[in-house]
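Visitor:
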Amino acid sequence: MSPLILMITAGAGIALLLFLVLKYKFQPFVALMLVSILVALVAGVKPAELVATIEGGMGKTLGHIAIIIALGAMIGRIIELSGGAEALAKTLIERFGNRRTPLALTMAGFIIGVPVFFEVGVIILMPLAYGVARSARKPLLVFALPMCAALLTVHAFLPPHPGAVAAASQLGADLGRVLMFGLPLTALLCYVGYRVAGRMTRRNYLMTDDIRAEVYGPHVTNEDLAAWNNGAEQPASPQAVAAVAHMGLEESTGSLAAKLPPAPPPGFGLIVSLILLPIVLILLGTLATSLLPVESALRGVLTVLGAPLVALLLDTLLCAWLLGSRRGWSRSQVSDVIGSALPGVAMVILIAGAGGVFGKVLVDTGIGAVVSDLLRTTGLPVLALGFLLTMLLRAVQGSTTVALVTTAGIIAPLIATLNLSPNHMALLCLAMGGGGLAMSHINDAGYWIFTKLAGLNVADGLRTWTVITTLLGTLGFCITLLIWPFV
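Mapping to UniProt numbering: the sequence shown position 200 is 200, numbers consecutive.
1. Who are the Cβ neighbours of L281 in its own chain at under 6 Å, not counting the five residues just before and after it?
2. Leaving out the 5 sequence neighbours to the left and right, which residues in its chain are closer than 6 Å to S2 when beta-carbon positions are compared?
3. Of the residues I79, L92, Y194, L225, which one's Cα is nearest the Cα of T208?
4. With contact counted as at least three CB pairs below 8 Å, one residue from each stretch, are the region 290-305 and the region 53-66 in contact?
5. The alpha helix (DSSP H) that contains P28, what's its start and end?
6. Can the beta-carbon of P102 be found less than 7 Å from the beta-carbon of F143?
7. Between A227, P127, Q170, I442, which has its C-alpha nearest E214's C-alpha?
8. Taking C-alpha atoms, which residue in A150, G109, A129, L287 lies nearest to L179?
9. I'd like the ranges of any alpha helix (DSSP H) spanning at least 4 consecutive residues and lying wholly in the region 134-210.
10. So which of Y216, D364, T406, G97 has the shortest CA-CA distance to A52?
11. What is the rounded straight-line gap between the Cα of G176 and the Cα of G163?
12. DSSP on P235, reduced to helix/strand/coil?
13. Cα separation between G355 and L18?
14. Using 7 Å as the threshold, is the C-beta distance between A87 and P343 below it?
15. Give the single residue among A31, K90, L383 whose Cα lies nearest to the Cα of G267.
16. Under a three-way DSSP split, which group does W329 fall into?
17. Could you check whether R137 and W228 sit closer than 7 Å to each other, using their CB atoms as the reference points?
18. N443 to V396, Cα distance in whole Å?
19. Find the nearest neighbour of L16 within the set V272, Y216, L393, T201, judged by alpha-carbon distance.
20. Between the beta-carbon of L323 and the beta-carbon of I78, is there less than 7 Å?
21. So, at 8 Å on beta carbons, what are the nonlocal neighbours of D373 in its own chain, with the 5 sequence-adjacent residues on each side left out?
22. Would you grab the beta carbon distance between V345 and A73 for me? Rounded to a whole angstrom, and I think it's under 8 Å.
23. On the criterion of 16 or more Cβ atoms from any shown chain inside 10 Å, does F477 qualify as buried, or is it exposed?
24. Would G121 and I111 be called neighbours here (beta carbons separated by less than 7 Å)?
25. What number of angstroms, rounded off, separates the C-alpha of V348 from the C-alpha of I65?
26. Mind reading off the beta-carbon distance from T451 to G436? Whole number of angstroms is fine, and I expect it under 8 Å.
27. Kindly give me the distance between the Cβ atoms of P278 and D315, rounded to whole angstroms, as I take these residues to be in contact under 8 Å.
28. Taking the straight line between their C-alpha atoms, what separation do you get for A258 and G83?
29. Who are the Cβ neighbours of M439 in its own chain at under 8 Å, not counting the five residues just before and after it?
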C-alpha cells in the first residue's frame, strides 16, 4: 500500500476516534478498539492475523502498566480512607501559618497528588479549602486554584498515574529516570502555579450561589467576598478547618469509611514516608544500574527493590499494615479497602491497553514508519512534536491519558530510529506530560470538577483554570527543552 494511502488511513482513523468520543460520547476504550480494528483492516492486516495483533498490543502494554496503576491506586485508597491525606494537609496548614495557607495547600496537593488520582485528590482536599476560606474570610479561589493546579500537574507528569506510565511503557522510557527529572520539575511548576494563582486571585470572581452558601453561609454575598479579598486577612480557626475537613472526608469516601473502626489520624511523618518510599526505591534502582558494577550484589538487590511493581507492592503492604491493621482494621476491612481501589481504575487501565493496541496497529501496518518519515521532515525537535501532538489531542478530546497514549503510539516509530539516551527518553515523556496538562477546558471532566466545586461559571473557569494549566504545561515543556542539551 502506498505511503499516501497509509497516511490518509491514519488521519481518517484519528478523526474517527475524535468524532466517536466527542460527537457520540463513546467510551474512549470502545472507540480506540473499534478504530484500531478498522485501521488495521483498511491498512492491509489479514483478517486471520487481526486478533493476534490486537492481543499483542493489549498484552504488551498491560503487562507493564496494569500492575503499576492498580498498586498505585491501592496505596492512594488506603491513605485516603485512613484519613492520612486530611492529616497531612492540616499539618501543613498549621505549620505554614495563616499567611501562607495557599502555599501549604499547594504542597499538600503536590504530595497527595503522587499516589492519589486528580479527581480523588480534589474531593479529599476541597473541604479543607472550604474550611480555610470560611475561617480566613477570603475567597475560596485563593486556596483552591493553586492546590488543584498542583494536583493536576502531578497527575499529568509523574508515575504511577496512568498517562505517564502508559507513555513511558510505549516509548520504552525508564520510570526511575522519569521520576528523577520529573519530581523537581513538577515541584517547581507547583510553586510557579502558586505564584501565578496568587496574582490571578487578586481579581474578584463571582461565586455560584450554592457553593457560596455552602462555604460561607446564606448571608454572605459576592460583594462581601470582594471586600474581604481587598481587605485584611483574618486568622483561621483550626477547629473550623478540622470540622469541615472531617465532613468532607466522610462525604467523599462513602459507606466504606463509616464501617472502619475509629482511630486517631496517622502522623504527618508516616504519611510522607509511605508516599516517598516507592519513589526512593525506584530512584535507587535506576542509580544502581548506572553506577554499580554488574557483578555487585547490592546492584542486584536494588534492581529488584527498585522495579516499579516491586516498590509499589512493598509500599501497598506497608500501607495496609501501618495504616490499616495496626490501627484496628480487620483483615476483611483491609481487603475491602484495597479492593475498592480497583473499580475506579479499571476503565483507565483498559484505555491505556487500547492505546497500546492502536500503537501496535500503526507499527504493524507500516503506518508508523510513514508517519515517522513525515514527522522527521517537519524539522521540529522530537520534544516539540511530542508536546504539540499531546496538547492538540488533549485540547480536542479532553482526556490526558488518551492524549498521552495516542501520541506515544504515533511517535513511537520515529523514536525507534533516533537512538535517544535513557535521559532523553525520560525528558520526552515529561514534555508529553506538559501537553497532557495544558488546555484543560470544557471537554475535560477535571475542568468541570474544579469549576463546580470552586463555584465558578464557565467563563471564569476558562480565565483561571484553563489559563493556569496551559501556562504550567507549556512551562514544563520549555524546561525539558532547556535541560535536553545537558543530559
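C-beta: ideal position from N, C-alpha, C; glycine also.
Guide: Reading from the atomic positions:
1. L305, G306, A311
2. none
3. L225
4. no
5. 28-42
6. yes
7. P127
8. L287
9. 141-157, 162-171, 175-200
10. D364
11. 16 Å
12. Summary for P235: the model assigns pLDDT 42, below 50, so the residue's position carries little reliability; its value from the coordinates is reported in the next sentence. Coil.
13. 13 Å
14. no
15. K90
16. coil
17. yes
18. 8 Å
19. L393
20. yes
21. P3
22. 4 Å
23. buried
24. no
25. 11 Å
26. About 19 Å separates the two Cβ atoms, so there is no contact after all.
27. 4 Å
28. 12 Å
29. M391, R394, A395, T466, T469, T470, G473
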